[in-house]
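**Student:**
Protein chains: 2
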Amino acid sequence: MDRIKVFAPASVANVACGFDTVGFALNFPGDTITVQKTEGTGLSIAKITGDQGKLSLNPTENTVTVAAQSLLDHLGYTGGISIEIEKGLPIGSGLGSSAASAVAGAFAINELLGSPLKKADLLPFALDGEALASKARHADNVAPCLLGGFIFVRDHASHDFFSLPTPPDLYAAIAMPEVVVLTADARAVLPREVPLGSAITQWSNLGALVGAMFLSDYGLIGRSLQDVIIEPARAALIPHFDKVKAAALSTGALGCSISGAGPAVFALCKGKATAEAVAQAMGNAFRQHDVPSFELISPINGEGVKVVGE
Amino acid sequence: MDRIKVFAPASVANVACGFDTVGFALNFPGDTITVQKTEGTGLSIAKITGDQGKLSLNPTENTVTVAAQSLLDHLGYTGGISIEIEKGLPIGSGLGSSAASAVAGAFAINELLGSPLKKADLLPFALDGEALASKARHADNVAPCLLGGFIFVRDHASHDFFSLPTPPDLYAAIAMPEVVVLTADARAVLPREVPLGSAITQWSNLGALVGAMFLSDYGLIGRSLQDVIIEPARAALIPHFDKVKAAALSTGALGCSISGAGPAVFALCKGKATAEAVAQAMGNAFRQHDVPSFELISPINGEGVKVVGE
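Residue numbers (numbering that gives the first Met the number 0), protein chains in the order written: chain B, 0 to 309; chain G, 0 to 309.
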């Protein structure tokens, strides 16, 4: 194969009580990249669209190509490869933009070269790309983007993760307000210490969320989707978050919290119709306070990154 | 029915990373109580054995009868009932002694009166008994003693709990050292605040433990059975705990931690033979340091409290 096009989807990490551990994939938006064998040697970026000029064309400074190069080094392939990047995911949205780029880069190279590695084995190479953007080899966006579904990461360093079953009617509603949350701010507001009682509440909810997914128990999912530690600290970074969350819950969402480090807000819902109503309600709550917002709904993406053309 | 005898088993709570949330039932030891209708009105305790004189014969001051009376009040039954208590569980062992007494009291009354309530619905009455002994309506011993198996308690106040599937080859090894751990001391050593990083490690392990039980993944059970918050604080209350734990792990235990508030130490093992070897190793480690110890092994009790005679 000389040319292939892949699509890597958005993902939601820090799922309420699941800070640093639980993420899931959406069907869209996502990043599309096309890789093509060329004469000569080495990786080059031919074009980037959709990034509003924010991303580097230098392969050592771009998440896609750092992940791609990591895999190429592993495989010992030195032939020429040209990459086109269509950035469909907004940067800094809290929807796993850098993870999608990193996953797309590693997956596209693997497909281009005849799939020498299994999909799950691409994780470390994608993490190399993610580390360029986020300064951390955290898999809670990368793993769901790569493999689809809900992923629980027990330990990032040893890549110890497993898939959670997804109840069939589970939908995500997303509202992306047009505000900027700086990663540095999102980190700075995190508490260094937490009361033991709050920690117990958080782990009780997280363990119950895991059980609820295996049991397909929507009620228990809803009762478990509570974050008493991270969300209270970060909510102030998203204007009118509390009103948006209240709108989601009063419209029937099972739960609602901040996607990744924000500013995107996600809600999990039972059924497509509820998700549509919840997305609308969240967007309206932002707009009522003069914050522009874009909304979408998606089932849980069970496939992850995929080939979409040649 | 005029007379019935029931057996309520020991249980292990605070299962490593699952402080305040996860407990499971053993086959033995346990408390056996016999209830018998008598002439006249009201509850009375005819006899208590096995308690070394520690327990009260006054029905308002005994865990068994407080639970029993709570259910009798609910049912509006005022006839005479005489209770004999055979205390098979050592008091203050960390094996759910008060929970077993409370569960036995509520269950025996329900059986004596023709099972007007379902087993699971006896929980609040058993919790009334447990509260007498532990000053808290915590279900992490009571629920597994009542229902058997592994129980995850999301929220104690609302009785929000569910059962975790138990992998078929899972055994518990228990070592009970002859030392006293005062509940007040076990509480006093708990940290009031914990570093966020430690809390994240703890909830990552707990969520993974829940997943591992559903997946019957013994390896993941082992990797998840780590307590970075409670066990380090309480280990000093149990002489030579670190050596006992090391002996368990080096003999093949999946994990090892403090049972309840101690001093009993539990290990979870794959297979009966491993559990036997681990129990022996833990006991030997105590004895090598001149701490007398009694050991036992048990599969996970899937039944909970049960009728054993009339």
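We put the CB at the ideal spot given by N, CA and C, even for glycine.
Measure the C-alpha to C-alpha separation of T37/G and A263/G and round it to an integer number of angstroms.
**Tutor:** Working through the second sequence from its first residue, we reach residue 37/G at position 38. Working through the second sequence from its first residue, we reach residue 263/G at position 264. Taking the straight line from one Cα to the other gives about 39 Å.
**Student:** Give me the DSSP bridge partner(s) of T33/G.
**Tutor:** For this step, residue 33/G is matched to residue 34 along the second sequence. K4/G and E83/G, per the DSSP bridge assignment.
**Student:** State the start and end residues of the unbroken beta strand (DSSP E) segment that holds F171/B.
**Tutor:** For the purposes of this step, residue 171/B is identified with residue 172 of the first sequence, where counting begins at 1. First, the residue type needs correcting, since residue 171/B is Ala and not Phe in the sequence shown. Taken as a continuous stretch (DSSP letters only), the beta strand (DSSP E) holding A171/B covers L169 to P176.
**Student:** Check whether the Cβ atoms of G87/G and T33/G lie closer than 8 Å to each other.
**Tutor:** Counting from 1 along the second sequence, the entry for residue 87/G is found at position 88. Counting from 1 along the second sequence, the entry for residue 33/G is found at position 34. Taking 8 Å as the Cβ cut-off, G87/G and T33/G do not qualify as a contacting pair.
**Student:** If distances are taken between C-alpha atoms only, which option among Y170/G, E294/G and F151/G comes closest to Y217/G?
**Tutor:** Residue mapping note: residue 217/G aligns to position 218 of the second sequence, counting from 1. For Y217/G, the nearest C-alpha among the options comes from Y170/G.
**Student:** Touch check for the segment 226–237 of chain G and the segment 16–25 of chain G: three-plus C-beta pairs under 8 Å?
**Tutor:** With the cut-off at 8 Å, the segment 226–237 of chain G and the segment 16–25 of chain G touch.
**Student:** Any idea what DSSP makes of A24/B, helix, strand or coil?
**Tutor:** Residue mapping note: residue 24/B aligns to position 25 of the first sequence, counting from 1. Looking at A24/B - three-state DSSP - the assignment turns out to be strand.
**Student:** What does DSSP give as the partner residue(s) for C268/G in the beta ladder?
**Tutor:** Counted from its first residue, the second sequence places residue 268/G at position 269. For C268/G, which the question treats as bridged, DSSP gives the partners Y170/G.
**Student:** For I199/B, return the contacting residues in chain G, with the cut-off set at a CB-CB distance below 7 Å.
**Tutor:** Here residue 199/B corresponds to residue number 200 of the first sequence, with the count starting at 1. What I199/B touches in chain G: F18 and D19.
**Student:** Are the C-beta of E192/B and some C-beta of chain G separated by less than 8 Å?
**Tutor:** Here residue 192/B refers to the residue found at position 193 when the first sequence is read from its first residue. So, interface residue.
**Student:** Taking DSSP's pairing of strands, which residues face G254/B in a bridge?
**Tutor:** Counting from 1 along the first sequence, the entry for residue 254/B is found at position 255. Its beta-bridge partners are L267/B.
**Student:** Checking contacts by CB at 8 Å: is N204/G closer than that to chain B?
**Tutor:** Working through the second sequence from its first residue, we reach residue 204/G at position 205. Output row for N204/G: interface = yes.
**Student:** Using DSSP with H/G/I as helix, E/B as strand and the rest coil, what is T200/G?
**Tutor:** Along the second sequence, read from residue 1 onward, the residue named residue 200/G stands at position 201. Note: T200/G maps to helix in three-state DSSP.
**Student:** Give the list of continuous alpha helix (DSSP H) stretches no shorter than 4 residues that lie fully inside the segment 204–236 of chain G.
**Tutor:** Qualifying alpha helix (DSSP H) stretches, in chain order: 217–223 and 229–233.
**Student:** Threshold first: 4 residues or longer. Then list the alpha helix (DSSP H) segments lying entirely within the segment 55–135 of chain G, N to C.
**Tutor:** Entirely contained in the segment 55–135 of chain G, the alpha helix (DSSP H) runs reaching 4 residues are, in chain order, 62–74, 96–111 and 122–133.
**Student:** So, with DSSP's three-state summary, where would you put L189/B?
**Tutor:** What you label residue 189/B is simply residue 190 of the first sequence in a count that begins at 1. Note: L189/B maps to coil in three-state DSSP.
**Student:** Could one say the Cβ of S297/G lies closer than 8 Å to chain B's Cβ atoms, at least one of them?
**Tutor:** Within the second sequence, numbered from 1, the residue matching residue 297/G stands at position 298. No, S297/G lies away from the interface with chain B (no Cβ there is under 8 Å from its Cβ).
**Student:** Counting only beta-carbon atoms, is G259/B nearer than 8 Å to chain G?
**Tutor:** As a position in the first sequence, residue 259/B is number 260, starting the count at 1. Judged by the 8 Å Cβ criterion, G259/B is not in contact with chain G.
**Student:** Which residues, in order along the segment 152–178 of chain B, keep a beta-carbon less than 8 Å from a beta-carbon of chain G?
**Tutor:** The residues in question are V152, R153, D154, D159, F161 and L163.
**Student:** Assuming I108/B and L131/B are in contact, meaning their beta carbons sit under 8 Å apart, how far apart are those beta carbons, in whole angstroms?
**Tutor:** Indexing the first sequence from 1 puts residue 108/B at position 109. Indexing the first sequence from 1 puts residue 131/B at position 132. Contact flag wrong, Cβ pair sits at about 16 Å.
**Student:** Take L94/G and list the residues in its own chain whose beta-carbon comes closer than 8 Å to its own, dropping the five residues that flank it on each side.
**Tutor:** Walking along the second sequence from the start, residue 94/G turns up at place 95. Correct list, in chain order: A9, S10, V11, L25, P28, L88, I173, M175, S258, G259 and A263.
**Student:** Rounding to the nearest angstrom, what Cα-Cα distance links N57/G and E177/G in this structure?
**Tutor:** Residue mapping note: residue 57/G aligns to position 58 of the second sequence, counting from 1. Residue mapping note: residue 177/G aligns to position 178 of the second sequence, counting from 1. Those two C-alpha atoms are separated by around 28 Å.
**Student:** Please classify K305/B: does DSSP put it in a helix, a strand, or coil?
**Tutor:** Here residue 305/B refers to the residue found at position 306 when the first sequence is read from its first residue. Of the three classes helix, strand and coil, the one that applies to K305/B here is strand, per DSSP.
**Student:** Tell me the DSSP secondary structure of V277/B in three-state form.
**Tutor:** Within the first sequence, the letter at position 278 stands for residue 277/B. DSSP places V277/B in helix when its eight states are reduced to three.
**Student:** Taking the alpha-carbon of N204/B as reference, which of P194/G, H155/G and L236/G has the nearest alpha-carbon?
**Tutor:** Within the first sequence, numbered from 1, the residue matching residue 204/B stands at position 205. That would be H155/G, whose Cα lies nearest to the Cα of N204/B.
**Student:** Excluding five sequence neighbours on each side, which residues of the same chain lie with their C-beta closer than 8 Å to the C-beta of I80/B?
**Tutor:** Residue numbering aside, residue 80/B sits at position 81 when the first sequence is read from its first letter. Counting only Cβ-Cβ distances below 8 Å, and skipping sequence neighbours, we find V34, Q35, K36, T37, G41, L42, S43, A67, L71, I108 and L111.
**Student:** Assuming the contact rule is C-beta atoms closer than 8 Å, F23/G and I299/G should be a hit. Round their C-beta distance to whole Å, please.
**Tutor:** Sequence index remark: in the second sequence, residue 23/G carries index 24 (1-based). Sequence index remark: in the second sequence, residue 299/G carries index 300 (1-based). So it is a contact: roughly 5 Å between Cβ atoms.
**Student:** Keeping to the same chain, check which residues put their C-beta closer than 7 Å to that of S197/G; ignore five residues upstream and five downstream.
**Tutor:** Counted from its first residue, the second sequence places residue 197/G at position 198. Contacts found: V227 and I228.
**Student:** In whole angstroms, what is the alpha-carbon distance linking A103/G and V21/B?
**Tutor:** By one-based count along the second sequence, residue 103/G stands at place 104. By one-based count along the first sequence, residue 21/B stands at place 22. Their Cα atoms are separated by approximately 40 Å.
**Student:** Measure the alpha-carbon distance for L267/G versus L295/G and round it to whole angstroms.
**Tutor:** In the second sequence, the residue the question calls residue 267/G occupies position 268. In the second sequence, the residue the question calls residue 295/G occupies position 296. Looking at the two C-alpha atoms, the distance is approximately 12 Å.
**Student:** Check whether the Cβ atoms of V209/B and V209/G sit closer than 8 Å, and answer yes or no.
**Tutor:** Position 210 of the first sequence holds residue 209/B. Position 210 of the second sequence holds residue 209/G. Yes, Cβ-Cβ distance for V209/B and V209/G is below 8 Å.
**Student:** Is the Cβ of R222/B closer than 8 Å to any Cβ of chain G?
**Tutor:** By 1-based counting over the first sequence, the position of residue 222/B is 223. For R222/B, the answer is yes, since a Cβ of chain G falls inside 8 Å of its Cβ.
**Student:** From the DSSP output, read off the bridge partner residues of S162/G.
**Tutor:** Residue numbering aside, residue 162/G sits at position 163 when the second sequence is read from its first letter. I150/G, per the DSSP bridge assignment.
**Student:** Less than 8 Å separating the beta-carbons of L122/B and H158/B?
**Tutor:** Taking the first sequence and counting its residues from 1, one reaches residue 122/B at position 123. Taking the first sequence and counting its residues from 1, one reaches residue 158/B at position 159. Yes. Within cutoff.
**Student:** Got a sec: is the Cβ-Cβ distance from L219/B to anything in chain G below 8 Å?
**Tutor:** The sequence position of residue 219/B within the first sequence is 220, counting from 1. Interface residue, yes.
**Student:** Within its chain, find whatever has a CB closer than 7 Å to the CB of T64/B; leave out the 5 residues flanking it on each side and keep chain order.
**Tutor:** Within the first sequence, residue 64/B is the residue found at index 65, counting from 1. Around T64/B: L42, I44, P58, I82 and G104.
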